Amino acid sequence: MLMLDLGYVRANLARVKERLGRRGADVAAMLDGFEVLDLKRRSAITRAEMLKAERNQISAEVAKRKQKGEDAAAWMARTRGLKEEIERCTADAAAAEQQMQAVLQQIPNLPAESVPAGTSAEDNVEVRRWGTPRAFDFAPKPHWELGEQLGILNFEQAAKISGARFAVYWDAGARLERALANFMLDLHTGTHGYREVLPPYMVNEASLFGTGQLPKFAQDLFRCADPDFEAQEESERREREYGDEDSRRKDRALFNDHWMIPTAEVPLTNLYRDDILDEKQLPISVTAYTPCFRAEAGAYGKDVRGLVRQHQFQKVELVKFVTPEQSYAEHERLTAHAEAILQALELPYRVMNLCAGDLGFSAAKTYDLEVWLPGQNLYREISSCSNFEAFQARRANIRYRPQGQKKTEFVHTLNGSGLAVGRTWLAIVENYQQADGSISIPTALQPYMGGLKSIEARSS
RNA sequence: GGAGAGGUGGCAGAGCCCGGUUGAAUGCACCUGACUCGAAAUCAGACAUAGUCGCAAGGCUAUCGGGGGUUCGAAUCCCUCCCUCUCCGCCA
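Residue numbers for the first sequence follow the working numbering, beginning at 20 and rising by one.
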């Protein structure tokens, strides 16, 4: 299963290269040799199919003669040598196919037309800004200082029981996390029309392939080791032996094939993997509150303090399945739904249109919402809302039947954080801090905090 | 963990014991046409997906949970893995 449509790539090679080139010259270069490989593959397929056709004809003749009671030995002998020849051609075709798949699976989605040019975060374009950063008459502190002073956040205990990049929340801090999750879910299900889902937090390999995390980004994920070591070795042997990506994708679980989800996008998008939806059902909007687990390999020394970059954090995710016609309008709506949370909590933010070079692997277009953090004096990503067009749908085989049409088409998938709860937590702590180190609770959140208006240090 | 049953097209469901025009009966849904002012009902027809060859018409190849094997030929036989269901055990 290809990430980009093979026929489309072949027919529009120059155009595809040009659009991929917007992500960087090295990306477009991945398609070098594509034509040669494709030619090799097709000629091997044609040869193999001709031989198979011959074999099938002979078999049909054998069947006819046997039914009539005639002798078929002469015909049966005709296939001598065919079998080996077929096997050789099929192997050639499979080898070429595998090489192409290996290349294509590494290639990211094509950027949408409305994506700005650029190579790094520097080139992202600010679309709009909401709210005014509050003027402090004292020096605002970062959340890790405030949290530890108030006794609602404990990194030492987390390091002891788990390791680096984990946190323990206490008392009102724990409740604040729970309040935020409930508040967000209520708004999305009540006002924005999303259905609430509680999905598994562990998924199989096929799901991760479907949303684009695998095969390229295995190093970012936590994989559950099978206590049965022999089973694991057996699985890896199979992977080597038959492991073209496509058959592995279909071969749902080789052993206990479980990975911790890096985002609810994975289980939610895969809800409809291999399904054919009715156009009447679309758009489908779902939301879920889940933990997210990220290895953060390669992030050593980055954001080491505080809650910004954790191995486990919680997030409310928004996912939509839409028709191609709806997708860009729905992308704007989904982004607005995430923004509505920030607005209700009165947290200043800005919306960034990511440039081609900063776009994620699977995305055609992404808006990042960046919240103002006075304790660190910067805007920080708190939500990422993307349109994947048919990229994930093709990999996960999610189709729909347009009304009045017989042929199926791939849906477009969208998702966004609505919001990352951990980062919302710290945004509240930093933006609502008072001179005495207490945190006032945003009005919208107070009902979810049992009426609590302020988090103060415990007296005891 | 133990024992059994099963996985077939959008869905339901035959075929598998006894391998041979079976890409797969039948029903439902969907689509087209007729009838109708329109709709329902009825009747008639069409109706899998992907790859590949071809300007096209149209061929050809593959696919009956995944992989492998036996055979001239596999949905049907053999091996293996996965999944689902039922019963027993254990457990939040």
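Note that beta-carbon positions come from the ideal geometry of N, C-alpha and C, so glycine has one too.
Everything numeric in this text was worked out from a predicted model, so none of it was measured.
Beta strand (DSSP E) segments (min. 3 residues) lying fully within the region 359-396: At a cut-off of 3 residues, the continuous stretches assigned as beta strand (DSSP E) that sit fully inside the region 359-396 are 368-372, 384-392.
Spatial distance of E351 from P159 (CA atoms): Cα to Cα, the separation comes out at about 34 Å.
For G40, which three-state DSSP category applies? Note: G40 maps to helix in three-state DSSP.
For the region 80-161, which segments carrying the alpha helix (DSSP H) assignment without a break, of at least 4 residues, lie completely within its bounds, in sequence order? Scanning the region 80-161 from its first residue to its last, the whole alpha helix (DSSP H) runs of 4-plus residues come out as 92-96, 101-124.
Could you pull the start and end residues of the beta strand (DSSP E) that H9 belongs to? Given that the chain is displayed from residue 20 to residue 479, the structure contains no residue 9 and the question cannot be resolved.
Quickly, what does DSSP pair R66 with across the bridge? List them, please. As computed with DSSP, R66 is found in no beta bridge at all.
Taking 7 Å as the cut-off, is the C-beta of Q333 nearer than that to any heavy atom in the ligand COA? Only the bare structure without any ligand can be found here, which leaves the ligand COA out of the picture.
Going by alpha carbons, who is nearest to V187 out of A178, R194, N173, A198? Of the candidates A178, R194, N173, A198, the one whose C-alpha sits nearest the C-alpha of V187 is N173.
Would you mind sorting P219 into buried or exposed? The rule is 16 or more other CB atoms within 10 Å of its CB. That one is exposed.
Length of the line joining the Cα atoms of W163 and G43: So the two alpha carbons sit approximately 37 Å from each other.
My parser needs the alpha helix (DSSP H) runs of 4 or more residues fully inside the region 430-454; what are they? If we require 4 residues or more, the alpha helix (DSSP H) runs fully inside the region 430-454 come out as 440-450.
Count the other CB atoms within 10 Å of the CB of F157; is the residue buried (16 or more) or exposed (fewer)? Burial call: exposed.
Note the first and the last residue of the continuous beta strand (DSSP E) segment covering P310. Segment 303-312, the beta strand (DSSP E) holding P310.
Should Q424 go down as buried or exposed, given a rule of 16 or more other Cβ atoms within 10 Å for buried? Q424 comes out exposed.
Closest to Q452 by CA distance: which of V55, V46, L101, G166 is it? A check of alpha carbon separations from Q452 across V55, V46, L101, G166 identifies G166 as the nearest.
For T385 versus S403, is the C-beta distance shorter than 8 Å? Taking 8 Å as the Cβ cut-off, T385 and S403 qualify as a contacting pair.
Would the region 414-429 count as touching the region 457-469 if we require 3 or more Cβ pairs under 8 Å? When C-beta atoms of the region 414-429 are compared with those of the region 457-469, fewer than three pairs fall below 8 Å, so the two segments do not count as touching.
On the criterion of 16 or more Cβ atoms from any shown chain inside 10 Å, does L195 qualify as buried, or is it exposed? For L195, the number of other beta carbons within 10 angstroms of its own is at least 16, and it is reported as buried.
What first and last residue would you give for the alpha helix (DSSP H) that runs through L206? Counted as a single uninterrupted DSSP element, the alpha helix (DSSP H) harbouring L206 occupies residues 190-209.
Check for me: the beta strand (DSSP E) holding Y213 runs from which residue to which? Premise fails: Y213 is in no beta strand (DSSP E) and is neither H nor E.
Using the beta-carbon count (16 or more within 10 Å), is V448 buried or exposed? Buried is the call here.
From R99, S62, A67, residue whose alpha carbon lies closest to that of I77: If we check each option's Cα against that of I77, R99 comes out closest.
Going by the CB atoms, is the gap between A112 and A72 shorter than 8 Å? Taking 8 Å as the Cβ cut-off, A72 and A112 do not qualify as a contacting pair.
Between the Cα of V338 and those of R60, E408, A237, L101, spot the shortest distance and give me the residue it belongs to. Nearest of R60, E408, A237, L101 to V338, Cα basis: E408.
Could you check if G325 is buried or exposed, using at least 16 other CB atoms within 10 Å of its CB as the buried criterion? Counting the other Cβ atoms within 10 Å of the Cβ of G325 gives 16 or more, which makes it buried.
Over what stretch of residues does the beta strand (DSSP E) that includes V341 continue unbroken? Per DSSP, the unbroken beta strand (DSSP E) holding V341 starts and ends at 331-341.
DSSP three-state label for R399, please. Here R399 sits in strand by DSSP.
Could you name the residues that DSSP lists as bridge partners for M221? The beta-bridge partner set that DSSP reports for M221 consists of M279.
Give a yes or no on contact between the region 127-134 and the region 82-101, applying the rule of three or more CB pairs nearer than 8 Å. Because the criterion of three Cβ pairs below 8 Å is not met, the region 127-134 and the region 82-101 do not touch.
Helix, strand or coil for S266 per DSSP? Per-residue confidence for S266 stands at a pLDDT of 35, beneath the threshold of 50, marking its modelled position as unreliable; the derived number appears in the next sentence. Helix at S266.
Report the option in P302, W149, P310, V335 whose CA atom is closest to the CA atom of S346. When each option's Cα is compared against that of S346, the closest is P302.
Tell me which residues share the same chain as E475 and place their Cβ nearer than 6 Å to its Cβ, disregarding the 5 neighbours each side in the sequence. Cβ neighbours of E475 within its own chain (closer than 6 Å, five residues either side excluded): S457.
Do the region 357-372 and the region 195-211 touch if we need at least three Cβ pairs shorter than 8 Å? Taking a cut-off of 8 Å on C-beta distances, the region 357-372 touches the region 195-211, as three or more cross pairs fall below it.
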